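Structure, as structure tokens:
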Amino acid sequence: MQSITESKAYRVFSWLMGMGLFLQLSGKVLYTSGSANGVHVYLLLILPALLLTVWSFLRKEALFSVEVKSFLVAAGLFMTVCSVSAYWSDSGQSVLFVLKKSLVILLYLAAIIYLVTAAKWQHIKFFIMMLCVVAALGALVSLCYQLVVLDESFGWRTFRIYRMGYGKWVDLGYPVIAGIYFALFGVLAASLVALGQKNRFQNLLLMLTILVLLPYVFLTFSRTSWIAWAVAICYLMVVFRHRATIALATILACIALVMIVIYQNEMAVEVTKRQLTGRPQIWFWTLQHFLEHPLLGHGFDHSFWPEKPFAHAHNFFLQILFEQGMLGLTCYLLMLASVFVGVWRYRENKLVLAAFALVIYILTAMMVDVQHVITRPGLFWSIFWFPLAFTMGAVNRARLVAPINTQFEDEQK
């Protein structure tokens with residue numbers, strides 16, 4: 065590890081991968097073309113990860129800890145089961161095509177783990193802060209354009225934001241996905257606050273970022289995003305328990321309380337009438353049809369409830385049961401278990417604990433949303449694979465670089 069990461073070539077790779085991560089995560093804000101973002105991801109993330117993997121193999125140097133190897137093996141098993149299940153699906157996608165997608169995702173996971181493991185913390189923090197600022201600017205421009213230029217109503221669910229409204233800029237396609245995407249950056253910013261920044265300007269910038277993202281996520285009226293973000297913030301407050309985190313949680317709680325008071329009648333309707341918006345019916349249908357093929361499922365991307373306008377099960381665990389059966393769910397749970405074991409083993413490391421907030425966020429969101437995660441470079445790489453890879457990168461860093469308080473190593477030098 066040391067001989068590779070101290071080389072000039074690795075320094076170049078770390079900056080390339082940092083730039084690739086920035087472009088990939090902020091792609092929905094910076095690009096109108098998904099293919100353009102995909103090219104940058106392949107060149108700046110996938111290719112360096114492949115070269116580093118070959119390099120470490122030839123030099124017989126271990127860049128991954130046992131915990132990370134277990135995670136990658138479990139992720140590979142899960143994606144292999146998904147790929148093979150395409151054979152008996154009606155999606156029309158070939159097994160080889162899905163396997164190629166899966167291989168690219170594995171290289172993406174390796175790239176993020178490499179980056180978080182060996183890059184300087186100041187380097188990683190710079191790209192994360194840039195990501196949060198770009199996301200906040202995209203949200204702010206979208207809010208201003210929709211509410212001021214297009215004069216959309218601010219009433220309860222009379223308008224649900226998911227795009228800027230000008231051309232194809234900042235277009236997430238659907239309010240729930242828009243909420244999950246932008247709230248992810250709110251969790252990232254909150255995690256940096258929880259780590260305790262010595263620079264007051266950075267703390268102020270992160271707080272402003274969160275406060276800008278908040279009205280956007282609220283206007284998506286995605287209860288999935290609201291709850292998942294709240295759970296992640298509560299986790300950070302309980303685990304870190306210092307003034308900045310408690311202050312952030314208090315501010316967000318006060319804002320939420322004000323919104324509840326303003327929209328108390330609408331909130332009452334949400335709780336008493338809308339409830340889960342038909343999801344129990346969808347879940348029951350999914351379980352019924354899972355029992356038709358309980359072991360192997362219906363196959364990758366199999367058509368879901370053709371008689372109804374539902375694209376997926378609105379619960380990722382049930383979606384796996386429907387498509388890959390108990391075999392797929394077992395592999396998926398093994399992948400999650402490897403993440404939990406790694407975090408528990410290095411729970412004294414603050415970076416690991418802060419990164420785990422991202423996993424808690426996406427696991428909460430997956431209970432009622434998130435669908436196919438084996439895609440080309442795109443949205444679900446950001447809101448599903450990135451949180452897992454970033455957390456395992458923190459675990460790998462704690463194991464191979466610095467056992468405790470990794471996030472302060474550069475600041476103390």
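Going by the working numbering, the letters in the sequence shown line up with residues 65 to 477, in that order.
C-beta: ideal position from N, C-alpha, C; glycine also.
Please read these numbers as outputs of a predicted model, since none were measured by experiment.
Using the three-state DSSP reduction, which class does residue i fall into: helix, strand or coil?
| i | result |
| --- | --- |
| Pro467 | Caution is warranted here: a pLDDT of 47 is assigned to Pro467, below 50, making its placement in the model unreliable, and the coordinate value is therefore given only provisionally. Three-state DSSP puts Pro467 in coil, outside helix and strand. |
| Leu415 | helix |
| Pro358 | coil |
| Val432 | coil |
| Tyr151 | helix |
| Arg227 | coil |
| Arg343 | helix |
| Lys372 | coil |
| Leu108 | helix |
| Leu214 | coil |
| Tyr178 | helix |
| His378 | coil |
| Trp233 | coil |
| Asn263 | coil |
| Val159 | helix |
| Ile438 | coil |
| Thr455 | helix |
| Phe128 | coil |
| Ser367 | coil |
| Arg461 | helix |
| Tyr238 | coil |
| Trp220 | coil |
| Thr350 | helix |
| Tyr410 | coil |
| Thr284 | coil |
The alpha helix (DSSP H) spanning residue i covers which residue range?
| i | result |
| --- | --- |
| Phe190 | Trp185 to Cys208 |
| Lys92 | Gly91 to Leu94 |
| Asn329 | Gln328 to Val333 |
| Phe304 | Arg287 to Phe304 |
Judging by CA-CA distance, which residue of the options is the nearest neighbour of residue i?
| i | options | result |
| --- | --- | --- |
| Leu355 | Leu382, Tyr226, Pro344 and Gln345 | Leu382 |
| Pro358 | Asn329, Arg75, Leu393 and Val333 | Leu393 |
| Ala254 | Ala308, Arg264, Val180 and Leu116 | Ala308 |
| Thr284 | Gly243, Val251, Leu248 and Ala247 | Gly243 |
| Trp79 | Ala175, Trp408 and Phe223 | Ala175 |
| Ala150 | His362, Asn329 and Asn379 | His362 |
| Phe360 | Glu371, Ala375 and Gly389 | The sequence as given places Leu at residue 360; Phe does not occur at that position. Comparing Cα positions, the closest option is Gly389. |
| Tyr74 | Gly102, Tyr106 and Leu115 | Leu115 |
| Phe135 | Ile177, Ile241, Gly91 and Ala377 | Ile177 |
| Gly91 | Thr222, Phe190, Ser446 and Leu464 | Ser446 |
| Pro239 | Phe450, Arg221 and Leu89 | Arg221 |
| Ile324 | Phe282, Gly202 and His187 | Phe282 |
| Phe349 | Phe142, Phe246 and Lys372 | Here residue 349 is Trp; the residue named in the question, Phe, does not match the sequence. Of the candidates Phe142, Phe246 and Lys372, the one whose C-alpha sits nearest the C-alpha of Trp349 is Lys372. |
| Thr144 | Leu163, Trp152 and Gln157 | Leu163 |
| Phe246 | Ala292, Tyr396 and Val76 | Ala292 |
| Lys184 | Phe121, Phe77 and Leu248 | Phe77 |
What does the Cβ neighbour count give for residue i, buried or exposed, with the cut at 16 atoms within 10 Å?
| i | result |
| --- | --- |
| Leu415 | buried |
| Val93 | buried |
| Cys28 | In this structure the chain extends from 65 to 477, so residue 28 is not present and cannot be described. |
| Gly84 | buried |
| Arg463 | buried |
| Asn342 | The amino acid at residue 342 is misidentified as Asn; the sequence shows Gly. The residue is exposed, with fewer than 16 neighbouring Cβ atoms inside 10 Å. |
| Ala451 | Here residue 451 is Pro; the residue named in the question, Ala, does not match the sequence. The residue in question, Pro451, is buried, as its Cβ has 16 or more Cβ neighbours within 10 Å. |
| Phe265 | exposed |
| Ser166 | buried |
| Asn329 | exposed |
| Cys208 | exposed |
| His306 | exposed |
| Gln345 | exposed |
| Gln435 | buried |
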